[in-house]
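Peer 1: In our numbering, the protein residues as written are 582 to 739.
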Ligand SMILES: CC(C)(COP(=O)(O)OP(=O)(O)OC[C@H]1O[C@@H](n2cnc3c(N)ncnc32)[C@H](O)[C@@H]1OP(=O)(O)O)[C@@H](O)C(=O)NCCC(=O)NCCS
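(1) Is DSSP giving residue 719 helix, strand or coil here?
(2) Is any non-hydrogen atom of ligand 1 found closer than 8 Å to the C-beta of residue 701, if you look at the structure I gave you?
(3) Quick check: residue 708 and residue 665, are their CB atoms within less than 9 Å of each other?
(4) Pull up the distance between the alpha-carbon of residue 588 and that of residue 706, whole angstroms please.
(5) Between which two residues does the beta strand (DSSP E) containing residue 635 stretch?
(6) Run through DSSP, which three-state label would residue 662 get?
(7) For ligand 1, is there any heavy atom lying closer than 8 Å to the beta carbon of residue 706?
(8) Under 8 Å, with one C-beta from each stretch per pair, do the stretch 664–678 and the stretch 712–732 reach the 3-pair mark?
(9) Using 10 angstroms around the beta-carbon of residue 739, count the other beta-carbons present and answer buried if the total reaches 16, otherwise exposed.
(10) In chain order, what residues of the same chain have a beta carbon less than 8 Å from the beta carbon of residue 694, not counting five sequence neighbours either side?
(11) Since residue 647 and residue 656 should fall inside the 8 Å C-beta cutoff, what is the C-beta to C-beta distance between them, to a whole number of angstroms?
(12) I'd like to know whether the C-beta atoms of residue 644 and residue 652 end up nearer to each other than 9 Å.
(13) Kindly indicate the opening and closing residues of the alpha helix (DSSP H) around residue 607.
(14) How many Å lie between residue 716 and residue 636 at the Cα?
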């Protein structure tokens with residue numbers, strides 16, 4: 582699917598409200614804590630880069646990245662559930678990897694139960710390099726209070 586990608590470098594309530602909804606749509610099945618409007622403001626104020634994808638005037642996916650000299654970090658990537666498996670995530674990641682700030686290495690954490698995301702990252706050449714025990718907290722539902730391990734994945738292009 583063709584889509585347009587933009588960078589959110591200043592506070593824009595209309596866009597941030599859509600990012601909050603996409604986060605919920607993409608992650609609610611895991612019962613982690615949802616990201617709030619304030620969480621996005623804090624990310625912007627702390628220098629994280631937010632890329633978002635628009636289709637027909639509507640935000641349909643986004644990624645939060647921390648660019649660093651050694652390893653840039655993908656904090657998260659989320660595609661609205663009705664738009665998944667239509668190359669939105671792939672286009673976002675390709676766009677980020679072609680940006681001037683990306684120096685060739687990525688690192689990220691992903692919940693061990695999130696097999697779709699692990700496959701997604703593997704498709705780009707990310708490798709599993711480690712595990713973080715009890716990294717994600719379940720904040721709702723029957724397993725409230727349980728913790729889930731994370732897989733650490735890395736991509737080295739150079
Ligand atoms: C992970 C996520 C961002 C992928 O984005 P997407 O736009 O749906 O994925 P794409 O269409 O770009 O897929 C790219 C490749 O990823 C893999 N992939 C994506 N979805 C997959 C699925 N449901 N099952 C298996 N592989 C999948 C495939 O290899 C796919 O390539 P292919 O379609 O040519 O086989 C999206 O599924 C999502 O928002 N998930 C919920 C939130 C999340 O888990 N985020 C990552 C945690 S950090």
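Cβ atoms here follow ideal geometry from the backbone N, Cα and C, with glycine treated the same way.
Peer 2: Reading it off the structure:
(1) DSSP, read as helix, strand or coil, puts residue 719 in coil.
(2) If you check the C-beta of residue 701 against ligand 1, you find a heavy atom less than 8 Å away.
(3) The Cβ atoms of residue 708 and residue 665 lie no closer than 9 Å to each other.
(4) The straight-line gap from Cα to Cα measures roughly 24 Å.
(5) First-last of the beta strand (DSSP E) with residue 635: 630–636.
(6) Under the three-state reduction of DSSP, residue 662 is assigned to helix.
(7) Result no, Cβ not under 8 Å from ligand 1.
(8) The stretch 664–678 makes no contact with the stretch 712–732, as fewer than three CB pairs between them are under 8 Å.
(9) The residue is exposed, with fewer than 16 neighbouring Cβ atoms inside 10 Å.
(10) Within the same chain, residue 694 has close Cβ partners 611, 729.
(11) Confirmed, about 6 Å.
(12) Note that the C-beta distance between residue 644 and residue 652 is not below 9 Å.
(13) Looking at the DSSP string, the run of the alpha helix (DSSP H) that includes residue 607 is 594–608.
(14) Rounded to whole angstroms, residue 716 and residue 636 show a C-alpha spacing of 34 Å.
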